[in-house]
Amino acid sequence: MLARITMQITLNTTELTVAESITVQQLLNAQDISEVGLAIAINNTVLAKRLWPAHQLQQNDALQLFQLVTGG
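Following this line, the structure appears as structure tokens:
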């Protein structure tokens, strides 16, 4: 039987245990987070939305999710 490899990340202020090979897109899907108006920073660096499907998270990454709003 193969052991599942996991790692720790932080999503906003919540520590999560996730699969070692998870991408940003897979994390959003697993957490049921809508992409509409969403911006993501990983370790204080904004990640372009076009990179979410391929960007693999690393041990101890800190993700901050921001909901963009418009108005005046």
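Under this note's numbering, the first residue of the sequence shown carries the number 53, and numbering increases by one thereafter.
Cβ atoms here follow ideal geometry from the backbone N, Cα and C, with glycine treated the same way.
Note that this is a predicted model, so its numbers are computed, not measured.
Asked	Found
What residue does the beta strand (DSSP E) around Leu-117 start on, and which one ends it?	114–119
Please report the straight-line C-alpha distance between Glu-87 and Thr-75, rounded to a whole angstrom.	14 Å
Using DSSP bridges, identify the partner residues of Gln-108.	Thr-75
The beta strand (DSSP E) that contains Thr-58, what's its start and end?	58–63
Going by the beta-carbon positions, is the gap between His-107 and Leu-99 smaller than 9 Å?	yes
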